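**Student:** Chains A and B, in that order, give the protein sequences.
Our numbering applies: residue 3 is where the first sequence begins, and numbers increase by one.
Our numbering applies: residue 3 is where the second sequence begins, and numbers increase by one.
This is the structure I want to talk about, given as structure tokens.
Protein chains: 2
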Amino acid sequence: MPKKVDHEARRREIAEALWRIASTRGLDGAGLRDVAAEAGISLGRLQHYFRSKDDMLAFALRHINALADRRIRDRIEALGEEPTPRLVLRTCLVGMLPLDDRSRTGALVGAAYFVRAVHDADLRAEARNGIPHLRDFFTGQLRRAADRGELPPARATDDEAMLLISLVDGLSAYLLLEVHTPEQALRLLDLHLGQLFGGGAVSEGVRE
Amino acid sequence: MPKKVDHEARRREIAEALWRIASTRGLDGAGLRDVAAEAGISLGRLQHYFRSKDDMLAFALRHINALADRRIRDRIEALGEEPTPRLVLRTCLVGMLPLDDRSRTGALVGAAYFVRAVHDADLRAEARNGIPHLRDFFTGQLRRAADRGELPPARATDDEAMLLISLVDGLSAYLLLEVHTPEQALRLLDLHLGQLFGGGAVSEGVRE
DNA sequence: GTTTTTACAAGTCACTCGTACGGTATAACG
DNA sequence: CGTTATACCGTACGAGTGACTTGTAAAAAC
Chain A
3 MPKKVDHEAR RREIAEALWR IASTRGLDGA GLRDVAAEAG ISLGRLQHYF RSKDDMLAFA
63 LRHINALADR RIRDRIEALG EEPTPRLVLR TCLVGMLPLD DRSRTGALVG AAYFVRAVHD
123 ADLRAEARNG IPHLRDFFTG QLRRAADRGE LPPARATDDE AMLLISLVDG LSAYLLLEVH
183 TPEQALRLLD LHLGQLFGGG AVSEGVRE
Chain B
3 MPKKVDHEAR RREIAEALWR IASTRGLDGA GLRDVAAEAG ISLGRLQHYF RSKDDMLAFA
63 LRHINALADR RIRDRIEALG EEPTPRLVLR TCLVGMLPLD DRSRTGALVG AAYFVRAVHD
123 ADLRAEARNG IPHLRDFFTG QLRRAADRGE LPPARATDDE AMLLISLVDG LSAYLLLEVH
183 TPEQALRLLD LHLGQLFGGG AVSEGVRE
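Have a look at this one:
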């Protein structure tokens, strides 16, 4: 029954099979034959939907980023009406951590792409171009918190936002290596958030 | 002229050739033949010094970690007599960042190993076992700072130490991706240190 | 001075990789 | 109807992989 298949859906199915392989064996351990077998299709069929392996990789990366984006967006909307900036930030940061199977798979695939991006200018550019937007969103939330008197105005900067993003990235790496438990990672994140929103004074612990 | 070669030195030479390959093409892009060619030797000779590829990889990892360790240790000793705990910490953290060619190569190789470790329990255990020691050293410095009245005692905790380590890891990743410039990374690190120590003067530059 | 050990070079092995291609079945289209 | 474009499958190719074997020369050991 040709002519009626949903190309995009087929490509998504294949991409998801790729994630399953890549999250356990790594991206370089994911041959076309492995992916096809994991997806339950023939190699020929996979090739019908992706002209080359790079084509498949690029699609899978964009797709997984889109899913993560949607997932975090949903969580923020689930916070209800007018959540505090701090809660929005924390929800976003926690959503970026590989804490459950879904996000862990995403992070594993992301890590595989990371190493590839380090040596590939095109991939590096693609990995880079989402970050300013994320940073601006964070900075906006920080400014909103400052306006509400929940944060010292001097702390509502791009640098503080990038610090948060960098920290989450480091925490993610150690979660993947099982250096941190999920509980530890959350505790460290909240420790930093507590410092940030607690202001200059030291030993204050804002509760969650 | 057999019998007189320094095995360990030969292995180090080969390991350095491996780094050169891995830092530009990645670990999976480093075949035995590539490494041999980079080292200017034959494949047979390489195999004479490493029984298997995994053997070579394991040696190269231990060697590069040892070099980084020595490099940072030297810098700390170069600080002179009784440096402040804050300066020791900053020197150590800055030394962990990929800011020059040497440390960048080390970080690139480390990133390649990272992705491999995520899928390999043995490598993961090896990557993990150095961290508690590092954390204890950091915690010790924090406590020393607290004793000298340079840090609120409540901040001299294992968690604050792990936060520093996690942050440096995140900053390193973004340095490799060229999201941060070296200047930005140092600024973010000092921003966090400033918060931690209560905003005192930042120690002067460690130039690369 | 013969034997043994060490240090390599070169070639071979079985295998995997991404890609290319030929063949076939099906349904939409003229 | 026949034509044609689509959706596959199966296989084969050439390059490259790590591991292994064989060959050779030279220094050390006896």
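Glycine is no exception: its CB is placed at the ideal position from the N, C-alpha and C atoms.
Predicted, not measured: the structure shown is a model, and the values here were computed from it.
By Cβ distance below 7 Å, which residues in the same chain neighbour Ser25/A in space, the five residues on each side in sequence not counted?
**Tutor:** Within the first sequence, residue 25/A is the residue found at index 23, counting from 1. Once the five neighbours on either side are set aside, the close Cβ partners of Ser25/A are Thr107, Leu110, Val111.
**Student:** In three-state DSSP terms, what is Glu152/B?
**Tutor:** To locate residue 152/B, count along the second sequence from 1; it is residue 150. In this structure, Glu152/B counts as coil in the three-state DSSP scheme.
**Student:** Just the Cα atoms here: how many angstroms apart are Leu179/B and Ala119/A?
**Tutor:** Position 177 of the second sequence, counting from 1, holds the residue named residue 179/B. Position 117 of the first sequence, counting from 1, holds the residue named residue 119/A. Spanning the alpha carbons of Leu179/B and Ala119/A requires a straight line of approximately 7 Å.
**Student:** Rounding to the nearest angstrom, what Cα-Cα distance links Met98/B and Ile133/A in this structure?
**Tutor:** What you label residue 98/B is simply residue 96 of the second sequence in a count that begins at 1. What you label residue 133/A is simply residue 131 of the first sequence in a count that begins at 1. Taking the straight line from one Cα to the other gives about 23 Å.
**Student:** Taking C-beta pairs closer than 7 Å, name the residues in chain A that Ala114/B reaches, listed in chain order.
**Tutor:** If you number the second sequence from 1, residue 114/B lands on position 112. Here the neighbours are Val117.
**Student:** From Ala70/A to Arg22/A, what distance separates their C-alpha atoms?
**Tutor:** Here residue 70/A refers to the residue found at position 68 of the first sequence. Here residue 22/A refers to the residue found at position 20 of the first sequence. When rounded, the distance between both Cα atoms is 16 Å.
**Student:** Between the Cα of Asn67/B and the Cα atoms of Gly33/B, Ala129/B, Leu91/B, which residue gives the shortest distance?
**Tutor:** On the second sequence, residue 67/B is found 65 positions in, with the first residue counted as 1. The candidate whose alpha carbon is nearest that of Asn67/B is Ala129/B.
**Student:** By DSSP, does His194/A sit in helix, in strand, or in coil?
**Tutor:** Position 192 of the first sequence, counted from the first residue, corresponds to residue 194/A. Correct three-state label for His194/A: helix.
**Student:** Secondary structure at Val90/A, three-state DSSP: helix, strand or coil?
**Tutor:** Along the first sequence, one-based indexing puts residue 90/A at 88. Helix.
**Student:** Check whether the Cβ of Gly33/A lies closer than 7 Å to any Cβ atom in chain B.
**Tutor:** The residue labelled residue 33/A in the question sits at position 31 within the first sequence. No - not a single Cβ of chain B is within 7 Å of the one on Gly33/A.
**Student:** Can you check whether the CB of Leu169/B is closer than 7 Å to the CB of His194/B?
**Tutor:** As a working mapping, residue 194/B is identified with position 192 in the second sequence. As a working mapping, residue 169/B is identified with position 167 in the second sequence. It is a contact, given that the beta carbons lie within the stated cut-off.
**Student:** Quick one: grab the DSSP three-state call for Leu81/A.
**Tutor:** Numbered from its first residue, the first sequence carries residue 81/A at position 79. Coil.
**Student:** Closer than 8 Å by C-beta to Leu191/A: which residues in its own chain qualify, once you throw out the five before and the five after it? Chain order, please.
**Tutor:** Within the first sequence, residue 191/A is the residue found at index 189, counting from 1. Excluding residues within five positions, the ones whose Cβ falls inside 8 Å are Arg92, Leu95, Val96, Leu99, Leu169, Val170, Leu173.
**Student:** Along the chain, where does the alpha helix (DSSP H) containing Leu48/B start, and where does it finish?
**Tutor:** For the purposes of this step, residue 48/B is taken as the residue at position 46 of the second sequence. Where Leu48/B is concerned, the enclosing alpha helix (DSSP H) stretches over 45-51.
**Student:** Just tell me which of Ile167/A, Arg13/A, Asp8/A, Arg150/A has its CA closest to the CA of Lys55/A.
**Tutor:** As a working note, residue 55/A is residue 53 in the first sequence. The candidate whose alpha carbon is nearest that of Lys55/A is Arg13/A.
**Student:** Any beta-carbon of chain B closer than 7 Å to the one on Ser105/A?
**Tutor:** For this step, residue 105/A is matched to residue 103 along the first sequence. Closer than 7 Å: no.
**Student:** Please decide whether Leu54/A counts as near chain B, where near means a Cβ-Cβ distance under 7 Å.
**Tutor:** Here residue 54/A refers to the residue found at position 52 when the first sequence is read from its first residue. Strictly speaking, residue 54/A in this sequence is Ser, with Leu absent from that position. No, no contact with chain B.
**Student:** Considering Cα atoms alone, identify which of Lys6/A, Thr159/A, Leu59/A is closest to Leu34/A.
**Tutor:** Counted from its first residue, the first sequence places residue 34/A at position 32. Measuring from the Cα of Leu34/A, the nearest candidate turns out to be Leu59/A.
**Student:** What residues in its chain sit with their C-beta under 6 Å from that of Pro184/A, if we drop five residues either side in the sequence?
**Tutor:** Along the first sequence, one-based indexing puts residue 184/A at 182. Hits under 6 Å: Leu101.
**Student:** Ignore the nearest five residues each way along the sequence and tell me which others in Ala158/A's own chain have a CB closer than 6 Å to its CB.
**Tutor:** Taking the first residue of the first sequence as 1, we reach residue 158/A at position 156. Counting only Cβ-Cβ distances below 6 Å, and skipping sequence neighbours, we find Leu144, Arg145, Ala148.
**Student:** Helix, strand or coil for Pro100/A? Go by DSSP, reduced to three states.
**Tutor:** Stepping through the first sequence from its first residue, residue 100/A is reached at position 98. Reduced to three states, the DSSP call for Pro100/A is coil.
**Student:** Given this structure, state the Cα-to-Cα distance separating Val204/B from Ala187/B, to the nearest angstrom.
**Tutor:** Here residue 204/B corresponds to residue number 202 of the second sequence, with the count starting at 1. Here residue 187/B corresponds to residue number 185 of the second sequence, with the count starting at 1. Confidence in Val204/B is poor, its pLDDT being 46 and thus under 50, which makes the residue's placement unreliable; the coordinate value appears in the next sentence. Looking at the two C-alpha atoms, the distance is approximately 14 Å.
**Student:** Might you give, ordered along the chain, the residues of its own chain that have their beta carbon closer than 8 Å to the beta carbon of Leu45/B, omitting 5 neighbours on each side?
**Tutor:** Numbered from its first residue, the second sequence carries residue 45/B at position 43. Cβ within range, chain order: Leu34, Arg35, Ala38.
**Student:** Once the 5 residues before and after Ala17/A are set aside, which same chain residues still bring their CB inside 8 Å of it?
**Tutor:** Residue mapping note: residue 17/A aligns to position 15 of the first sequence, counting from 1. So the qualifying residues of the chain are Met58, Phe61, Ala62, His65, Ile66.
**Student:** Could you tell me which chain A residues have their CB closer than 8 Å to the CB of Glu40/B, listed as they occur along the chain?
**Tutor:** Within the second sequence, the letter at position 38 stands for residue 40/B. Correct list: empty, because the minimum Cβ distance to chain A is about 15 Å.
**Student:** Would you list, in chain order, the members of the region 122-137 of chain B that have their beta-carbon closer than 7 Å to a beta-carbon of chain A?
**Tutor:** Arg126, Ala129, Arg130, Ile133
**Student:** Where does Gly28/A fall in DSSP's three states?
**Tutor:** Walking along the first sequence from the start, residue 28/A turns up at place 26. If DSSP states are grouped into helix, strand and coil, Gly28/A belongs with coil.
**Student:** Return the CA-CA distance between Arg72/B and Asp8/B, expressed in angstroms with no decimal places.
**Tutor:** Within the second sequence, numbered from 1, the residue matching residue 72/B stands at position 70. Within the second sequence, numbered from 1, the residue matching residue 8/B stands at position 6. Each residue's Cα considered, the two are about 22 Å apart.
**Student:** Counting C-beta neighbours from all protein chains within 10 Å, is the total for Pro155/A 16 or more, i.e. buried, or is it exposed?
**Tutor:** Translated into positions along the first sequence, residue 155/A becomes position 153. By the neighbour-count rule (16 or more Cβ atoms within 10 Å), Pro155/A is not buried but exposed.
**Student:** Taking the Cβ atom as the reference point for each residue, do Gly28/A and Ala114/A lie within a distance shorter than 7 Å?
**Tutor:** Residue 28/A sits at position 26 when you count from the first residue of the first sequence. Residue 114/A sits at position 112 when you count from the first residue of the first sequence. Yes, the Cβ-Cβ distance between Gly28/A and Ala114/A is below 7 Å.
**Student:** Under 8 Å by Cβ, that's how I've got Phe199/B and Glu152/B pegged, so tell me the actual separation to the nearest angstrom.
**Tutor:** In the second sequence, the residue the question calls residue 199/B occupies position 197. In the second sequence, the residue the question calls residue 152/B occupies position 150. That pair is a contact at about 6 Å.
**Student:** For Thr26/A, return the contacting residues in chain B, with the cut-off set at a CB-CB distance below 8 Å.
**Tutor:** Here the question's residue 26/A lines up with position 24 in the first sequence. Near Thr26/A (Cβ distances below 8 Å), the residues of chain B are His121.
**Student:** With 9 Å as the limit, tell me which residues of the region 157-178 of chain B have their beta carbon closer than that to any beta carbon of chain A; keep them in chain order.
**Tutor:** Arg157, Thr159, Asp161, Glu162, Met164, Leu165, Ile167, Ser168, Leu169, Val170, Asp171, Gly172, Leu173, Ser174, Ala175, Tyr176, Leu178
**Student:** What residues of chain A sit near Leu193/B, judged by a beta carbon separation below 7 Å?
**Tutor:** Residue mapping note: residue 193/B aligns to position 191 of the second sequence, counting from 1. Those within 7 Å of Leu193/B in chain A are Asp161, Leu165.
**Student:** Just the chain A side, please: which residues come within less than 9 Å of Glu185/B by C-beta, in chain order?
**Tutor:** Taking the second sequence and counting its residues from 1, the one referred to as residue 185/B is at position 183. Going along chain A, no residue has its Cβ under 9 Å from Glu185/B, so there is no contact; the nearest lies around 12 Å.
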